[in-house]
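All residue numbers in the sequence shown are consecutive under the working numbering, ending with 439.
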Amino acid sequence: MHDLPITYRGVVYPCQCDHVGHMNVMWYVGKFDEATWQLFAMFGLTPSFLREQA
Numbered sequence: 386m387h388d389l390p391i392t393y394r395g396v397v398y399p400c401q402c403d404h405v406g407h408m409n410v411m412w413y414v415g416k417f418d419e420a421t422w423q424l425f426a427m428f429g430l431t432p433s434f435l436r437e438q439a
């Protein structure tokens, strides 16, 4: 697997972590959602395209 696209880069803040220092599941879902929109855009599935096709 070479040259996989980067769909998200960000920072995990202490407030996003649980009592043992792991990122809380709620924040995983949010970051995954942000990355998904970038992946969709790579295939032309932009928010405007999706609105037009609804």
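Glycine residues also receive a C-beta, built at the ideal position from the N, C-alpha and C atoms.
First through last residue of the alpha helix (DSSP H) which encompasses Gln-438: 432 to 438
Own chain residues within Cβ distance below 6 Å of Met-408, not counting five before or after: Val-397, Gln-401 and Cys-402
DSSP bridge partner residues for Met-408 (one or two, in chain order): Cys-402.
For Arg-394, the nearest candidate out of Pro-432, His-387, Tyr-413 and Ala-420 (CA to CA): Of the listed residues, the one whose Cα sits closest to Arg-394 is Ala-420.
Closest by C-alpha distance to Thr-392, when choosing among Val-410, Trp-412 and Phe-417: Phe-417
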